[in-house]
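Just so you know, the protein sequences line up as chains A and B, in that order. Each residue of the first sequence is one higher than the one before, starting from 1 at the first, in UniProt numbering. Each residue of the second sequence is one higher than the one before, starting from 1 at the first, in UniProt numbering. Each residue gets a CB set at the ideal place from its N, CA and C atoms; glycine is no exception.
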Amino acid sequence: MSTINADRPADALRAGDRQADQERAESKPLGGIAGWLDDRTGAAKGMSFVLKKVFPDHWSFMLGEIAMYSMIICLLTGAFLTFWFVPSASPVVYDGSYIPLQGVTVSDAYRSTLDISFDIRGGLLIRQIHHWAALVFCVAILVHMGRVFFTGAFRKPREINWVIGSILSMLAIVEGFAGYSLPDDLLSGTGLRAAEGFMRSIPIIGSYVSYFVFGGAFPGEAIIPRLYAVHVLLLPAILVGLFTAHILLVFLHKHTQYPGPGKTNNNVVGFPMMPVYIAKAGGFFFIVFGVIALISALVTINPIWGYGPYDPSPVTAGSQPDWYMGFADGALRLLPGFLEFTAFGYTFSFNVMIGAILLIPIMYTLIGVYPFFEAWVTGDKREHHLLDRPRNNPTRTGIGVAAMTFYIVLFFASGNDLMAIKLHLSINDLTRLFQLLIFVGPPLAFWITKRICLSLQRADRQKVLHGRETGVIWRYPDGRFEEIHAPLTPQERWVLVQHESPEPLVITAETDANGVESPIARKERLRAKLSHFYFKDRVAPPTPSELEAAHHHGDHGVETHEPEAIEAGGAPARETIKADRQN
Amino acid sequence: MNDNETTAHGESGALAPAGGDGALETRSTTELDRFENPGLPPHVHRAADDDPKAAKRAEKQVATLFGLSMLSTLVFLVGYFAIHDDWVFFFPGLGQAKTLNVVLGLSLGFALFFIGIGAVHWAKTLMSDEEVVEERHPLGSSEVERAKAVKVVTDGGESAQINRRPLLKYSLGGALGLFALPFVLQVAGSLGPGNVEELKETLWDPKYNDGKPIRLFRDPERTPIKLSDVTLGSVFHVMPETMEKVYEEGKHVLEQKAKAAVILIRLNPDDIKVQKAKDWGVDGTVAYSKICTHVGCAVGLYEQQTHHLLCPCHQSTFDLTEDCAVIFGPAKRALPQLKITVDDEGYLVAPQGFKEPVGPSFWERAR
Ligand code: HEM
Ligand code: FES
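In structure tokens:
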């Protein structure tokens, strides 16, 4: 990003602010408990550092906060649930207050979940909040990832945090699946049944993996307590650990900011932690928690009493996993059966393995390495603290939308049966359509997105060079009508012109000193090709001289809206209206 | 440009930006012709910054929001004790709802929500909204500091003599590498029995019935089925007679059910196009494993007109007239057929068990 020296008049005005803060802080001695603590920890130094940290403000920065808060809500409500939930598959006869199931033999896990729902005051609410918070968590993580991707916030020095975030996002899915399986109702048991089938599809060790995980034949009595340990101890510990690292790195790097007047690659413009962010972010926690509680009050989720206890033989029509598993389920529905075959007497089930075992790790590996890939293609080794407007990096934005399209097609494929019923379509046709879309959709989305980005950039250029449309129409003596364009202020203009528009890299030395084609050049040729792919279509940001040229007749020094013929020079024909001269 | 920058864009290896014959000067010249950052716009004061009345109003609003939160908490406390467990009411648009859950949820929700809204409103109206500028500094350590760190490490190694005494290096490596093995072995060896041959067996094998044919029992009624009970087009969910012993012992009930579930259907014999399928049935009455060959859900949605069996999990469709071959969906293999006959008393029996493993595929399946 092109940045600017810090000493501008506006900044100078502010220079005193922070110093004043410091003096004020020094004026009040630290006493009482706080003083006692500081004597023993020296925490005051860190405190003032943390509390004075500046955070830029933007709605899209709240997405990560939603993820953080919903995870905390899961931790809180999950701890409550452990007081009553019994992670055991031993059979018991249900004798609680839900009449339709009285006398039925169920697992202790299912019984205790029914008890939480019916016999513990407010227990149902806690269950509902836990489940809704888990769903919100998974949505928020994905949307947050999208924000980071499309604004290029993953670039140096934040690649590590991108990788941590990708792992968090993957573990969130696993954590959710483990929790979903705990109540041992018909739906969750069916999910485990399928999971067992997934494990079996792994070549060579699949059957053993299944036996190890389930402690013998499916379902066995081991899986519920094992998943419980994973769900309440192992994964939460990893999630909290990674999340802590994630937040510490955000502090260390200081938050990125969107480009704008006064914002440079070398500063952070925003509000201090104390008091503004404590109030805003702290308040936001209560808002998220409150909204999730309101949803949980009104919309029932996972009414396990309606599904009944798990039994491998009854049919569960319309069985659907939680939404975050949808894409993997969709992949399983789209993979054709012919991918299973027998060779050398052994069975290869790629129809299952690709979607159930490989998809998630491959997807997250691709996500995790993207920053390194892009940095290699662009050869850009600088730190980036100013965000990209998505339109200013059309190829990256296109790749992101293509990936989203892939995900969304899989997601909708997992609802093919519901869609077929609701829309009165043949499920076979729908599935074939999705099979086609999974290949055609992403490239198409890429192309369309890239075109849109380029058009938006062109529109930005127009706006800079010819001003903003005012809605005022002038009629000229010769009868023509023309809309009046008002010039942009330097502040308005800056957002549209601040970005870089890199040119593709080209090979300069294909051969080494002896004239032999070097192996390096071959690798570099790939890089040049990719760079071409990224940057061949570019709309350069307008420069001051272009703006000058755009209203060359401003030289007269007089503002007139009188139409004149324009000289050529590649300028568009509409260029009759002058903008005010800036700079 | 950026202070932190070490390498300019594209300056790496043998590549250079196009149009500049490998020189970066092209970039720098365009760099000169750039707009200048105009700096922060002037700060605009809010009403509450200058007008004490507006500030007072904002204070009252925030306090009201906090008050509403307290009120909601009170409702929660009263509701917790006052609302009867089995009260339900009808909520327009959402249907029947448990009163306790709705009242507790709404009151808790509003109690939290109003705290949040109050705090944010406070921040927006009364706390300083003057932007603060903080400078960034390059993250990497200086060369001197890096060199210091390297020196600490090399000095430490030197003092430990690790480079001079390779024997120590390699034996330590070996010990550290090996000590993980007991843990791996313990987990791998003890997680579960590895008798995967079980995957190929079901309770339909006559060996579980002293070699005698096994009767088909209704599930969950657990009564034997007479051929005459099976009318054209009817569907029975079936378990083997041998399950009775399992129920009695109360052990591995679900494990056995998960493999033995069978679906029994009577078709018009002429509709069955495969001779083996006809032979293994009785008068068009045929029995098939109900465990999907994809990943194992219970297949049990039967379409009478088309004679299709549909799996609810991923919509694999099996054609009963074609020996349950897959005609659509992600499953590859047909559902295994269970051969049935009629015994002396007119009950349906399975004389030979399944001839292939049921359920999802696995590596050793065809062995
Ligand atoms: C951080 C992410 C977490 C996610 C995404 C998550 C997700 C879930 C889900 C979807 C369920 C099924 C709930 C239902 O509908 O009944 C569940 C159940 C459960 N979770 Fe979590 N959970 C998380 C963290 C925790 C933690 C930290 C604990 C405990 C310390 C916990 C304890 C439990 C218990 C005991 C159950 C079973 C009780 C029941 O189903 O009612 N969870 N979890
Ligand atoms: S389990 Fe039957 S289609 Fe997947």
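Original post:
When you compare each of Leu63(A), Phe198(A), Asn267(A) to Pro138(B) by their alpha carbons, which one comes out closest?
Top reply: Taking only the C-alpha atoms, the option nearest Pro138(B) is Asn267(A).
Subject >> Residues, ordered as in the chain, of the segment 218 to 233 of chain B that lie near chain A by beta-carbon distance below 9 Å >> reply: Of all residues in the segment 218 to 233 of chain B, only Asp219, Pro220 come within less than 9 Å of chain A when Cβ atoms are compared, listed by chain position.
Original post:
Do the segment 408 to 419 of chain A and the segment 428 to 437 of chain A make contact, defined as three or more Cβ pairs closer than 8 Å?
Top reply: yes
Original post:
Counting Cβ pairs closer than 8 Å, one from the segment 209 to 218 of chain B and one from the segment 234 to 241 of chain B, do we hit at least three?
Top reply: yes
Subject >> Ranges of the beta strand (DSSP E) found wholly within the segment 434 to 491 of chain A, counting only runs of at least 3 >> reply: You should have 468 to 475, 481 to 486.
Original post:
With 8 Å set as the bound, which would you pick, yes or no: does the beta-carbon of Leu178(B) sit closer than that to a beta-carbon of chain A?
Top reply: no
**OP:** Starting from Ser107(A), trace the beta strand (DSSP E) both ways and give me its first and last residue.
**Re:** 105 to 107
**OP:** Closer than 8 Å, Cβ to Cβ, to anything on chain B: give me those residues from the segment 202 to 232 of chain A, in chain order.
**Re:** Ile202, Pro203, Ile204, Ile205, Gly206, Ser207, Tyr208, Ser210, Tyr211, Phe212, Val213, Phe214, Gly215, Gly216, Ala217, Phe218, Pro219, Gly220, Ala222
Original post:
Would you say Glu567(A) reaches chain B, if we count a Cβ-Cβ gap shorter than 8 Å as a contact?
Top reply: Its pLDDT being 35, under 50, Glu567(A) is placed unreliably in this model, and the coordinates cannot settle the point.
Original post:
What residues match up with Ser289(B) in a beta bridge as DSSP calls it?
Top reply: Val262(B)
Original post:
Would a C-beta distance cut-off of 8 Å place Pro541(A) and His485(A) closer than the cut-off?
Top reply: no
**OP:** Find the residues of chain B that neighbour Phe336(A), judging by a C-beta separation of less than 7 Å, and give them in chain order.
**Re:** Phe is not the amino acid found at residue 336(A); the sequence shown has Pro there. Going along chain B in sequence order, the residues near Pro336(A) (Cβ under 7 Å) are Pro330.
Original post:
Is there a Cβ from chain C that is less than 8 Å from the Cβ of Glu483(A)?
Top reply: Looking at the structure shown, chain C is missing, and the protein chains on hand are A and B.
Original post:
Is any heavy atom in the ligand FES found nearer than 7 Å to the beta carbon of Val358(B)?
Top reply: no
Original post:
What did DSSP end up calling Glu130(B) once you bin it into helix, strand or coil?
Top reply: coil
Original post:
How should Ala474(A) be labelled, buried or exposed, when 16 other C-beta atoms within 10 angstroms of its C-beta is the threshold for buried?
Top reply: For the record, residue 474(A) in the displayed sequence is Trp; it is not Ala. Looking at its Cβ environment, which holds fewer than 16 other Cβ atoms inside 10 Å, Trp474(A) is exposed.
**OP:** Thinking Thr285(B) and Leu227(B) are a contact (beta carbons under 8 Å), I'd like their distance in whole angstroms, please.
**Re:** 7 Å
Original post:
Can Ala550(A) and His466(A) be called in contact, C-beta distance under 8 Å?
Top reply: A contact, by the Cβ cut-off of 8 Å.
**OP:** Report the option in Glu303(B), Pro360(B), Ser107(B) whose CA atom is closest to the CA atom of Gly337(A).
**Re:** Per the Cα distances, Pro360(B).
Subject >> C-alpha distance - Pro38(B) paired with Lys263(A), whole-angstrom precision >> reply: 9 Å
**OP:** Give the interface partners of His308(B) over in chain A, defined as CB-CB distance under 8 Å, in chain order.
**Re:** Simply none; closest approach about 11 Å.
Subject >> Neighbour list for Phe113(B) in chain A, Cβ cutoff strictly below 9 Å >> reply: Simply Phe286, Ile287, Phe289, Gly290, Val291, Ala293, Leu294.
Subject >> Residue of Tyr288(B), Val152(B), Ala149(B), Leu106(B) minimising C-alpha distance to Phe76(B) >> reply: Ranking Tyr288(B), Val152(B), Ala149(B), Leu106(B) by CA distance to the CA of Phe76(B) puts Leu106(B) first.
Original post:
Would a check of beta-carbon distances place Pro312(A) closer than 8 Å to chain B?
Top reply: yes
Subject >> Extent of the continuous beta strand (DSSP E) run through Tyr346(A) >> reply: 346 to 349
**OP:** With 8 Å as the limit, tell me which residues of the segment 95 to 114 of chain A have their beta carbon closer than that to any beta carbon of chain B; keep them in chain order.
**Re:** Ser97
Original post:
Where Leu230(B) and Lys276(B) are concerned, what is the direct C-alpha to C-alpha distance, given to the nearest angstrom?
Top reply: Just to set this straight, residue 230(B) is Val in the shown sequence, not Leu. Approximately 20 Å between the Cα atoms of the pair.
Subject >> Where Ala194(A) meets chain B, residues with beta-carbon distance less than 7 Å >> reply: Val295, Gly296, Cys297, Cys313
Original post:
Do you know offhand how far Tyr307(A)'s Cα is from Ser188(A)'s?
Top reply: About 10 Å.
Original post:
In whole angstroms, what separates the C-alpha of Glu562(A) from that of Val497(A)?
Top reply: Residue confidence is low: Glu562(A) scores 41 on pLDDT, short of 50, so the model does not pin down where it sits. Its coordinate-derived value is still stated next. Cα to Cα, Glu562(A) sits roughly 28 Å from Val497(A).
Subject >> Cβ-based contacts, 9 Å cut-off: residues of the segment 343 to 355 of chain B near chain A >> reply: none
Original post:
Thinking just about the alpha-carbon of each residue, which of Trp494(A), Ser455(A), Glu524(A) is nearest to the one in Val508(A)?
Top reply: Going by the sequence as given, residue 508(A) is Thr instead of Val. That would be Glu524(A), whose Cα lies nearest to the Cα of Thr508(A).
**OP:** Tell me, please, which residues DSSP counts as bridged to Thr342(A).
**Re:** Within the DSSP secondary-structure output, Thr342(A) pairs in a beta bridge with Thr347(A).
Original post:
So which residues on chain A does Met127(B) lean against when the C-beta distance must stay under 7 Å?
Top reply: Pro275, Val276, Ala279
**OP:** Below 7 Å CB to CB, which residues in the same chain sit around Ala260(B) once its five sequence neighbours on both sides are set aside?
**Re:** Thr202, Leu203, Trp204, Met239, Pro240, Met243
Original post:
Under 9 Å Cβ-Cβ, which residues of chain B neighbour Lys254(A)?
Top reply: The answer, in chain order, is Glu134, Arg136.
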